[in-house]
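Participant: Respectively, the protein sequence lines represent chains A and X.
Oh and the first sequence: position 79 is 79 in the UniProt record's numbering, straight run, nothing missing.
Oh and the second sequence: position 29 is 29 in the UniProt record's numbering, straight run, nothing missing.
Heads up, the beta-carbon is just placed ideally off N, CA and C, and yes, glycines get one too.
Here the structure is a predicted model, which means the values were calculated and not measured.
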Amino acid sequence: MAVERLLKDEATEEKGDRARMASFIGAMAIADLVKTTLGPKGMDKILQSTGRGRNVTVTNDGATILKALHIDNPAAKVLVDISKVQDDEVGDGTTSVVVLAGELLREAEKLVNSKIHPMTIIAGYRMAAECARNALLEKAMDNKQDPEKFKSDLLNIAMTTLSSKILSQDKEYFAKLAVDAVLRLKGSTNLEAIQILKKPGGSLKDSFLDEGFILDKKIGIGQPKRIENAKILVANTAMDTDKVKIYGARVRVDSMTKVAEIEAAEKQKMREKVQKIIAHGINCFVNRQLIYNFPEELFADAGILAIEHADFDGIERLALVTGGEIASTFDNPESVKLGHCKLIEEIMIGEDRLIHFSGCEMGQACTIVLRGASQHVLDEAERSLHDALCVLTQTVNDSRVLLGGGWPEMVMAKEVDELARRTPGKKSHAIEAFSRALQAIPTIIADNAGLDSADLISQLRAEHHKERSTSGIDVISGGVGDMEKLGISESFKVKQAVLLSATEAAEMILRVDEIITCAPRKREDRM
Amino acid sequence: MAAATAAAAAASASSSARKGETYTDTKRRDDVRMANILAARAVADAVRTSLGPRGMDKMIASASSGDVVITNDGATILQRMSLLQPAARMLVDLSRSQDSAAGDGTTSVVVLAGSLLRRSLSLLSSGLHPTSLSDALHRLSLRAVDALHAMSIPLDLSDRGSLVKSAATALSSKVVSQYSSLLAPIAVDAVLAALDPAHPDLVDLRDVRVVKKLGGTVDDTELVRGLVFDKKASHAAGGPTRVENAKIAVVQFQISPPKTDIEQSVVVSDYAQMDRILREERNYILGMVKKIKATGCNVLLIQKSILRDAVTDLSLHYLAKAKILVVKDVERDDIEFITKTLNCLPIANIEHFREDKLGHADLVEEVPVGDGRIVKITGIKDMGRTATVLVRGSNLLVIDEAERSLHDALCVVRSYTFRLVCLVLRCLVKKRFLIAGGGAPEIEMSMQLAAWAKELQGAESYCIKEFAEALEVIPYTLAENAGLNPIAIVTELRNQHAKGEINAGINVRKGQITNMLEENVVQPLLVSTSAITLATEFVRMILKIDDIVTVR
């Protein structure tokens with residue numbers, strides 16, 4: 001009794017329980033993969049690339065791990081996507097969101113097995129998420145009015161974020177670095193103005209924050225190595241030859257002298273161009289393209305510092321921070337906006353010479369120079385620092401903070417539990433399950449630290465039964481501690497994003513009752 | 001039927017949550033960590049025998065090109081080994097980091113890491129959590145660095161003798177060890193020459209140039225106060241090869257027939273015209289040469305050009321007539337070094353050829369060296385803070401190709417070793433402290449840490465005690481490689497240190513324990529501190545890894 005095939009060859013279809021099971025398992029596998037990286041004592045992963053060079057990355061960052069994975073399970077892909085969104089939106093909590101979604105699905109699977117309809121579960125989860133969010137809103141603290149306290153909040157948040165990363169040993173140092181950098185931005189979320197420069201060598205402690213901008217380029221030969229009150233022209237123009245860009249243009253002459261004349265004319269043209277540039281009244285010229293020897297010498301003669309071959313990223317940032325504009329024609333000196341900075345000089349970091357622009361027009365600009373033993377360390381440090389910077393800029397905008405160390409999860413779980421008790425009907429099972437999923441996060445943090453999670457969580461629950469408890473897991477001493485005293489804080493925005501996106505993702509996967517795998521498109525042109 | 005395929009698809013979908021990887025439970029965590037530790041240890045054991053002055057060399061043959069390198073340098077050995085296991089590859093990075101941070105101690109750092117990993121393995125199997133090991137290691141490294149600082153001796157840069165001593169220690173375990181008395185002073189002088197009194201803590205090694213030339217013996221290696229070009233002067237047309245009171249111009253233009261940037265073609269329509277063109281070409285070049293001569297310039301260094309010939313036979317001929325020595329094909333990257341040394345400016349256009357842009361030197365001459373020739377510029381007026389070292393290698397037995405390649409390899413190692421000594425010296429400039437060598441610092445650290453462990457409590461004390469013992473691997477291996485009885489030596493060493501002889505170390509030549517400072521075996525503090533911090537950092541990283549994920 002073969003049913004006629006509905007789908008093309010190679011396309012497959014999975015239905016009902018089977019489809020749901022496939023997505024549950026896929027999502028949970030992903031969650032389990034990253035869950036050991038959670039918390040201050042989380043472990044790292046080696047990512048080994050199968051591509052050329054078999055590059056090795058060591059990381060603790062959920063988003064980085066997930067981004068690199070090969071995945072063909074659709075539900076797992078959904079989790080990777082929410083982690084990406086979390087990364088883009090708030091920058092941190094990329095692991096938490098996946099783990100929470102995984103736990104929600106794990107609980108949902110049990111409920112589905114006990115014959116509760118997915119829609120009922122979804123309804124219950126929704127109620128629970130709303131209730132949890134309200135609990136967070138109620139408990140969030142806002143210290144915006146008190147700058148001193150706000151700054152210490154920021155420091156605490158930065159330290160909490162960094163404590164699970166490679167920078168954990170020097171977290172005070174880097175937290176201060178990150179807070180200083182973010183406070184310079186004065187509320188803008190433009191992380192572009194913070195440049196992170198990685199230079200191998202030294203140790204992480206040698207990293208520093210520098211006001212101004214550092215360009216990894218060399219100053220031309222015979223030109224001044226130090227300029228005060230610099231007027232900078234940032235340009236993207238050909239300083240090798242101004243070619244006539246008409247196809248097949250060529251000159252036809254009948255004697256050598258004429259060739260020499262044309263060459264002289266070309267030289268003259270370049271000289272005029274350089275004169276025009278000099279006429280802007282500048283003393284520093286930065287070009288994205290090459291500057292050939294001839295114009296370089298002309299600049300040197302005029303006492304102008306010329307930097308060639310600054311990359312796109314470099315000149316755009318430089319134009320941004322010095323307040324100039326990128327020019328490519330030089331006929332109207334009035335219309336070109338020059339950049340300004342107080343001092344340009346050559347500095348040496350490690351073994352490399354770099355050009356340092358300080359006292360820039362845009363006071364927000366700063367550069368964080370990361371030093372570290374190897375490229376692995378530097379890459380990972382950059383990722384960690386980026387996370388911290390993201391969270392901090394978010395917190396500057398939305399200054400509400402929460403305590404960390406599993407505290408928000410326990411607060412939410414308590415409220416959700418109470419809701420479950422008040423709610424009649426099957427939904428209450430789902431709400432209860434939601435609370436269990438929330439409690440899984442402190443459980444995992446404890447497990448990763450090699451602590452007795454069952455004991456700790458029950459202690460924590462008992463603590464939270466009291467009103468206004470501030471206790472959470474103190475991973476360092478291995479017990480229940482006062483998070484307020486320990487100064488462990490998290491940004492409200494991050495937690496809220498984790499809660500809402502994880503619930504949404506779980507909901508989405510729960511709704512699935514059929515997976516259709518499309519037939520691959522035939523590639524006919526392939527040999 | 002349909003149901004069966006669907007079931008199979010479901011099974012495959014669930015199992016292929018990650019392509020190429022199957023889902024594993026947490027039991028695998030320990031396995032991954034174990035595999036990483038074992039792999040890293042295997043690599044560390046491979047380089048262990050090359051530690052110390054009596055360490056053995058390794059011959060590394062590359063399978064594809066057949067190149068042979070003989071070296072004793074840990075970083076080089078590891079880099080040449082084609083490793084696949086990720087943890088083992090990270091060990092290569094570790095030794096490279098030590099290389100860039102301190103220049104020496106690349107083998108020690110790997111051996112230390114291997115020994116720490118061995119102890120970690122036994123600690124892990126006794127049920128300790130990796131993070132507590134990691135924390136203990138962090139505290140240990142801080143404490144160890146303190147201990148090293150306490151036993152270090154401050155150094156004055158004007159004390160050339162101490163600098164030479166530490167350079168000699170760095171060289172003592174290398175292929176060229178018998179020449180260490182010769183090479184060490186050269187290295188010291190070169191680095192001191194490049195030292196800028198305005199920024200005494202920075203030495204840019206790019207200001208020390210090493211020119212290798214096969215032929216002669218290591219004894220012929222010399223420090224040139226001036227410039228050396230590893231190429232001949234152009235004497236195609238019989239130009240001068242020796243110029244006294246030289247006025248040197250570094251030019252970035254070409255002395256050849258004109259060429260426009262736009263595509264050009266010269267149309268010849270009759271016979272007479274051809275003659276005229278040839279004449280014009282001659283006149284053009286002659287004009288250029290006259291302009292050059294007019295400034296009094298008698299040595300030309302011409303930058304290589306990709307667009308057209310830097311010089312032609314014709315221009316060489318005229319230049320030779322004008323008694324101008326020509327060195328062509330100077331790389332653009334070298335221009336900065338050259339102009340800095342000669343204290344002159346590069347000239348990019350014939351119109352700008354002025355006398356004030358020239359550099360002055362007492363003598364420019366072409367000298368035969370081995371089977372080639374080099375151009376030497378000496379007695380430079382107002383010379384920049386740079387130095388050039390001409391390294392020579394023997395070619396006594398260059399009989400056939402195979403041996404030649406071997407000698408080439410040796411030559412590479414020599415120049416490499418030389419760079420290494422410069423690096424070591426630079427560390428000294430950076431961090432002006434010396435420390436005794438010969439395993440003394442390791443034993444001292446180990447003893448102090450073991451004493452400290454007794455004051456601590458709990459798992460940390462236990463870990464630190466184990467790791468403190470792990471540090472003894474360095475003197476142990478030194479003794480072992482020198483053919484001494486390691487147990488006897490290490491216990492004797494411990495005994496001496498307990499008596500307060502903190503500078504006692506293994507004297508490999510005499511085969512006994514002596515005061516290392518009196519034996520002139522000293523090394524920069526930075527080498528030891530960076531070895532211990534990097535090794536602990538590496539071990540901590542390995543301990544924290546619980547999974548290897550294959551990705552795109």
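1) Please specify which runs of the alpha helix (DSSP H), each continuous and at least 4 residues long, are wholly inside the region 49-124 of chain A, giving them in chain order.
2) From what residue to what residue does the alpha helix (DSSP H) around A:F24 run?
3) Taking 6 Å as the limit between beta carbons, can you name the residues of its chain near residue 550 of chain A, skipping five residues before and five after?
4) For X:S181, count neighbouring C-beta atoms within 10 Å of its own C-beta (all shown protein chains included) and say buried if the count is 16 or more, exposed if not.
5) Taking all protein chains shown into account, do 16 or more other C-beta atoms lie within 10 angstroms of the C-beta of X:G74, making it buried, or fewer, making it exposed?
6) Using the Cα positions of X:V111 and A:T237, report the straight-line distance between them to the nearest angstrom.
7) Which residues, in order along the region 323-341 of chain X, keep a beta-carbon less than 7 Å from a beta-carbon of chain A?
8) Quick one: give me the first and last residue of the alpha helix (DSSP H) that A:L167 is part of.
9) Below 7 Å between beta carbons is the criterion; list the residues of the region 348-361 of chain X that meet it against any residue of chain A, in chain order.
10) Taking 7 Å as the CB-CB cut-off, is X:D104 touching chain A?
11) Contact between the region 354-365 of chain X and the region 377-390 of chain X is defined here as three or more beta-carbon pairs at a separation below 8 Å; is this criterion met?
12) I'd like to know whether the C-beta of X:L525 is nearer than 7 Å to at least one C-beta of chain A.
13) Using a cut-off of 8 Å between C-beta atoms, extract the partners of X:Y284 located in chain A.
14) With contact counted as at least three CB pairs below 8 Å, one residue from each stretch, are the region 216-236 of chain A and the region 323-343 of chain A in contact?
15) Look at A:E316 and A:L290 and say whether their C-beta atoms are less than 7 Å apart.
16) Taking the alpha helix (DSSP H) that A:E380 falls in, what are its first and last residues?
17) Give me the Cβ distance between A:K139 and A:V411, rounded to the nearest whole Å; I'm assuming they're in contact under 8 Å.
18) Check each residue of the region 394-428 of chain A: if its Cβ is closer than 8 Å to any Cβ of chain X, include it; give the result in chain order.
19) Closer than 9 Å between beta carbons: that is the criterion. Which residues of the region 259-276 of chain X meet it against chain A?
20) Below 7 Å CB to CB, which residues in the same chain sit around X:V109 once its five sequence neighbours on both sides are set aside?
21) Residues in the region 295-323 of chain A with C-beta within 9 Å of chain X's C-beta atoms, listed in sequence order?
22) Determine which residues share a DSSP beta bridge with A:E228 and list them.
23) Looking only at its own chain, which residues have a Cβ that is under 8 Å from the Cβ of X:L358, when we skip the five neighbours before and after it?
24) Under the rule that 16 or more other beta-carbon atoms within 10 Å means buried, what is A:V90, buried or exposed?
25) Please determine if the region 436-446 of chain X and the region 139-155 of chain X are in contact, where contact requires at least 3 C-beta pairs separated by less than 8 Å.
26) Does any CB atom of chain A fall closer than 7 Å to the CB of X:R89?
27) Is there contact between the region 390-398 of chain A and the region 439-449 of chain A, where contact requires at least three CB pairs shorter than 8 Å?
28) Mind checking which residues open and close the beta strand (DSSP E) that includes A:A306?
29) Can you give the Cα-Cα distance for X:V127 and X:R33, rounded to whole angstroms?
30) Among A:L100, A:D417, A:G478, A:D455, which has the Cα closest to the Cα of A:A135?
31) Quick check: the Cα distance between X:T529 and A:A373, rounded to an integer number of angstroms?
32) Can you tell me the Cα-Cα spacing of A:K493 and A:D81, whole angstroms?
33) Closest to X:L227 by C-alpha separation, out of X:K165, X:A504, X:L133, X:D334, would be which residue?
34) Output yes if chain X places a C-beta closer than 7 Å to the C-beta of A:Q48; else output no.
35) Count the C-beta pairs between the region 193-211 of chain A and the region 368-385 of chain A that are closer than 8 Å, then say yes if the count reaches three, no if not.
36) Whole angstroms are fine: how far does the CA of A:L370 sit from the CA of A:K217?
Facilitator: Let's see:
1) 62-68, 74-89, 94-113
2) Along the first sequence, read from residue 1 onward, the residue named residue 24 of chain A stands at position 24. From DSSP, the alpha helix (DSSP H) with A:F24 extends over 16-35.
3) Absent from the structure is residue 550 of chain A, since the part of chain A shown begins at 1 and ends at 527.
4) Position 181 of the second sequence, counted from the start, is the residue given in the question as residue 181 of chain X. Flag for X:S181 reads exposed.
5) Sequence index remark: in the second sequence, residue 74 of chain X carries index 74 (1-based). Counting Cβ neighbours within 10 Å, X:G74 comes out buried, since at least 16 surround it.
6) For the purposes of this step, residue 111 of chain X is taken as the residue at position 111 of the second sequence. For the purposes of this step, residue 237 of chain A is taken as the residue at position 237 of the first sequence. One C-alpha to the other measures close to 53 Å.
7) I335, E336, T339
8) Working through the first sequence from its first residue, we reach residue 167 of chain A at position 167. Run containing A:L167: none; DSSP gives neither H nor E here.
9) Answer in chain order: A348, N349, H352.
10) By 1-based counting over the second sequence, the position of residue 104 of chain X is 104. Between X:D104 and chain A, the shortest Cβ-Cβ separation is not below 7 Å.
11) yes
12) One-based indexing of the second sequence puts residue 525 of chain X at position 525. Judged by the 7 Å Cβ criterion, X:L525 is not in contact with chain A.
13) Position 284 of the second sequence holds residue 284 of chain X. In chain order: M256, T257, A260.
14) yes
15) Working through the first sequence from its first residue, we reach residue 316 of chain A at position 316. Working through the first sequence from its first residue, we reach residue 290 of chain A at position 290. It is not a contact, given that the beta carbons lie outside the stated cut-off.
16) Numbered from 1 along the first sequence, position 380 holds the residue referred to as residue 380 of chain A. 375-397 is the span of the alpha helix (DSSP H), which, as asked, contains A:E380.
17) Indexing the first sequence from 1 puts residue 139 of chain A at position 139. Indexing the first sequence from 1 puts residue 411 of chain A at position 411. Their Cβ separation, rounded to whole angstroms, is 6 Å, which keeps A:K139 and A:V411 in contact under 8 Å.
18) The region 394-428 of chain A vs chain X, Cβ under 8 Å: nothing.
19) K259, T260, D261, I262, E263, Q264, S265, V266, V267, V268, S269, Q273, R276
20) Counted from its first residue, the second sequence places residue 109 of chain X at position 109. The residues are L94, S95, Q98, A531, L534, A535.
21) Taking a C-beta cut-off of 9 Å against chain X, the contacting residues of the region 295-323 of chain A are P295, E296, E297, L298, A300, D301, listed in chain order.
22) If you number the first sequence from 1, residue 228 of chain A lands on position 228. BP columns for A:E228 point to A:L343.
23) Mapped onto the second sequence, residue 358 of chain X falls at position 358. K247, I248, A249, T295, G296, C297, C344, listed in sequence order.
24) For the purposes of this step, residue 90 of chain A is taken as residue 90 along the first sequence, with counting starting at 1. Label assigned to A:V90: buried.
25) yes
26) Taking the first residue of the second sequence as position 1, residue 89 of chain X is located at position 89. Taking Cβ atoms only, chain A reaches closer than 7 Å to X:R89, which makes this a yes.
27) no
28) As a working note, residue 306 of chain A is residue 306 in the first sequence. Start and end: 305-307.
29) Within the second sequence, numbered from 1, the residue matching residue 127 of chain X stands at position 127. Within the second sequence, numbered from 1, the residue matching residue 33 of chain X stands at position 33. Note on residue identity: the sequence assigns Gly, not Val, to residue 127 of chain X. Roughly 14 Å between the two C-alpha positions.
30) Within the first sequence, the letter at position 135 stands for residue 135 of chain A. It is A:D417 whose Cα lies nearest to the Cα of A:A135.
31) Walking along the second sequence from the start, residue 529 of chain X turns up at place 529. Walking along the first sequence from the start, residue 373 of chain A turns up at place 373. Spanning the two alpha carbons is a distance of roughly 13 Å.
32) Sequence index remark: in the first sequence, residue 493 of chain A carries index 493 (1-based). Sequence index remark: in the first sequence, residue 81 of chain A carries index 81 (1-based). The alpha-carbon atoms of A:K493 and A:D81 are separated by roughly 19 Å.
33) Translated into positions along the second sequence, residue 227 of chain X becomes position 227. X:L227 has its Cα closest to that of X:D334, out of X:K165, X:A504, X:L133, X:D334.
34) Translated into the one-based positions of the first sequence, residue 48 of chain A becomes position 48. Chain X, which has a Cβ nearer than 7 Å to the Cβ of A:Q48, makes this yes.
35) yes
36) As a first step, residue 217 of chain A must be located in the first sequence, where it is residue number 217. As a first step, residue 370 of chain A must be located in the first sequence, where it is residue number 370. When rounded, the distance between both Cα atoms is 17 Å.
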